[in-house]
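Undergrad: Numbering (numbering that gives the first Met the number 0), first residue to last: 0 to 272.
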Amino acid sequence: MPHRPIVAILTLTMFLSVPPLARGEEPNLDEIVRNPVIGNYKGYAEFKMANYATARMIWEALAERGNAEANFNLGILHEDGLGVPRDMARALQYFERSAEGGNQRAQYRLGLLYSAGGAVPPDPARSRKWLEAAAAQGDAEAATLLAMGERAGADPRDDAYFRAEVLHVLGRNQEAAAIWKELAQAGDTRSRTRLAWLYEAGQGVPRDLDQAARLFRRSAEEGDPEAQYALAVMLQTGKGQKQNAAEAREWLQRAAAQGHAAARAALAVPDSK
């Protein structure tokens, strides 16, 4: 298959050349459902620009066709009340569909939600089921929670990072932000990435794309694939970072090399015959 590397480069170039929608422009849903990878990327770009209604329109079109990534993203919108009323029942429906479709992030999220209680009644059996599914796909945080559950008397709240995770699930974002900020200042990469998400969405802290970008970049440089992917989208859209398609491509490739699902999907090319 001597032409595969050229095809891969062309595919990635096309992916990264997809521009965000102009203000007021309606997404072409026919085009989006024909290419779910680019569709999800467009939705994520709109999400980063706080165009939640447009992101939701894109993700709903994909979710209707069973796209697991889109279902997860819709769950986040409804869980956090971004562009829609906060509705945990609907969020759970989207997360369940996404998790059943194999989405690792949805599986971890359900495991956390069913262990934390609050708006979702605790369900240890369901929590373990989804944490095991996420851990089987290589999710380190799910594996850590499972290991903690094996220790008598262990509670996720005993660990500062997971205490912040639980607070975020409970909607207590200011408290979560304070913990992640302290951990980030002490050098914890994953906490810095979580804090960046809060600045990007304006949860528990003022919405500040510049600060989100700074935090994503530092975590990306330290090797965090979620931060690398987030930074790639910022560089592509020019939101929070100066637009730079070449650097966006580099960070996308780094995330994909670590197994980041969305980044790998962007780079995936069917085998040629």
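Heads up, the beta-carbon is just placed ideally off N, CA and C, and yes, glycines get one too. Fair warning: this is a prediction, and the values are worked out from it, not measured in the lab.
Tell me which residues share the same chain as Ala146 and place their Cβ nearer than 7 Å to its Cβ, disregarding the 5 neighbours each side in the sequence.
TA: Working through the sequence shown from its first residue, we reach residue 146 at position 147. Cβ within range, chain order: n/a, list empty.
Undergrad: Just the Cα atoms here: how many angstroms apart are Leu234 and Ala244?
TA: Position 235 of the sequence shown, counting from 1, holds the residue named residue 234. Position 245 of the sequence shown, counting from 1, holds the residue named residue 244. Roughly 6 Å separates the two Cα atoms.
Undergrad: Are the CB atoms of Tyr160 and Ser190 within a distance shorter than 8 Å?
TA: For the purposes of this step, residue 190 is taken as residue 191 along the sequence shown, with counting starting at 1. For the purposes of this step, residue 160 is taken as residue 161 along the sequence shown, with counting starting at 1. Against a cut-off of 8 Å, the Cβ pair of Tyr160 and Ser190 comes out as a contact.
Undergrad: By how many angstroms is the C-alpha of Leu109 removed from the C-alpha of Pro123?
TA: Here residue 123 refers to the residue found at position 124 when the sequence shown is read from its first residue. Here residue 109 refers to the residue found at position 110 when the sequence shown is read from its first residue. C-alpha separation (whole angstroms): 11 Å.
Undergrad: Can you check the segment 114-185 for any alpha helix (DSSP H) of at least 4 residues that lies completely inside it and give the ranges in chain order?
TA: Taking only runs of at least 4 residues, the alpha helix (DSSP H) segments lying wholly in the segment 114-185 are 123-135, 139-149, 159-168 and 172-184.
Undergrad: Tell me the rounded alpha-carbon separation between Leu144 and Leu91.
TA: Taking the sequence shown and counting its residues from 1, one reaches residue 144 at position 145. Taking the sequence shown and counting its residues from 1, one reaches residue 91 at position 92. Their backbone Cα atoms lie some 20 Å apart in a straight line.
Undergrad: Check whether the Cβ atoms of Leu197 and Phe215 sit closer than 8 Å, and answer yes or no.
TA: Locating residue 197 in the sequence shown gives position 198, where the first residue counts as 1. Locating residue 215 in the sequence shown gives position 216, where the first residue counts as 1. Cβ atoms of Leu197 and Phe215: not closer than 8 Å.
Undergrad: Just the Cα atoms here: how many angstroms apart are Arg55 and Ile31?
TA: Numbered from 1 along the sequence shown, position 56 holds the residue referred to as residue 55. Numbered from 1 along the sequence shown, position 32 holds the residue referred to as residue 31. Cα to Cα, Arg55 sits roughly 13 Å from Ile31.
Undergrad: Grab me the residues of Glu174's own chain with a C-beta within less than 7 Å of its C-beta, minus the 5 sequence neighbours each way, in chain order.
TA: Working through the sequence shown from its first residue, we reach residue 174 at position 175. Here the set comprises Leu166.
Undergrad: Ile8 by DSSP, collapsed to three states: which one?
TA: Counting from 1 along the sequence shown, the entry for residue 8 is found at position 9. With a pLDDT of 34 at Ile8, under the threshold of 50, the predicted position of this residue should be treated as unreliable, though the coordinate-derived value follows. Three-state result, Ile8: helix.
Undergrad: Using CA coordinates, which residue listed in Glu95, Ala62 and Lys238 is at the minimum distance from Val36?
TA: Position 37 of the sequence shown holds residue 36. The shortest Cα separation from Val36 among Glu95, Ala62 and Lys238 belongs to Ala62.
Undergrad: For the segment 48-105, list the alpha helix (DSSP H) runs that are entirely contained and at least 4 residues long, ordered along the chain.
TA: DSSP runs (the alpha helix (DSSP H)) wholly in the segment 48-105: 51-62, 67-79 and 87-99.
Undergrad: Measure the C-alpha to C-alpha separation of Ala256 and Arg85 and round it to an integer number of angstroms.
TA: To locate residue 256, count along the sequence shown from 1; it is residue 257. To locate residue 85, count along the sequence shown from 1; it is residue 86. Their Cα atoms are separated by approximately 35 Å.
Undergrad: Identify whether Gly237 lies in helix, strand or coil by the three-state DSSP scheme.
TA: Position 238 of the sequence shown, counted from the start, is the residue given in the question as residue 237. Residue state, collapsed to three classes: coil.
Undergrad: Do the CB positions of Thr212 and Gly239 come within less than 8 Å of each other?
TA: Looking up residue 212 in the sequence shown gives position 213. Looking up residue 239 in the sequence shown gives position 240. Here residue 212 turns out to be Ala, not Thr, going by the sequence shown. Cβ distance < 8 Å, so Ala212 and Gly239 count as in contact.
Undergrad: Check Ala254 in the structure and name its three-state DSSP category.
TA: Here residue 254 is taken as the residue at index 255 of the sequence shown, counted from 1. Helix, per DSSP.
Undergrad: Determine the contact status of Leu208 and Glu199, defining contact as a CB-CB distance below 8 Å.
TA: Counting from one through the sequence shown, the residue named residue 208 turns up at place 209. Counting from one through the sequence shown, the residue named residue 199 turns up at place 200. A contact, by the Cβ cut-off of 8 Å.
Undergrad: Got a sec, what are the start and stop residues for the alpha helix (DSSP H) Asp29 sits in?
TA: Taking the first residue of the sequence shown as position 1, residue 29 is located at position 30. Counting along the chain, the alpha helix (DSSP H) containing Asp29 begins and ends at Leu28 to Arg33.
Undergrad: Measuring CA to CA, which of Asp158, Ser126 and Glu68 is closest to Leu182?
TA: By one-based count along the sequence shown, residue 182 stands at place 183. Nearest of Asp158, Ser126 and Glu68 to Leu182, Cα basis: Asp158.
Undergrad: Is Val36 helix, strand or coil when you go by DSSP?
TA: Translated into positions along the sequence shown, residue 36 becomes position 37. Residue state, collapsed to three classes: helix.
Undergrad: Short check: CB of Ala67 to CB of Gly100, under 8 Å?
TA: Translated into the one-based positions of the sequence shown, residue 67 becomes position 68. Translated into the one-based positions of the sequence shown, residue 100 becomes position 101. Yes.
Undergrad: In chain order, what residues of the same chain lie with their CB nearer than 6 Å to the CB of Gln202, ignoring the 5 residues before and after it?
TA: Numbered from 1 along the sequence shown, position 203 holds the residue referred to as residue 202. Closer than 6 Å at the Cβ level, and outside the excluded window around Gln202, lie Asn172.
Undergrad: For Arg104, which of Thr53, Gly116, Arg125 and Glu140 has the nearest alpha-carbon?
TA: The residue you call residue 104 lines up with position 105 of the sequence shown. Nearest of Thr53, Gly116, Arg125 and Glu140 to Arg104, Cα basis: Glu140.
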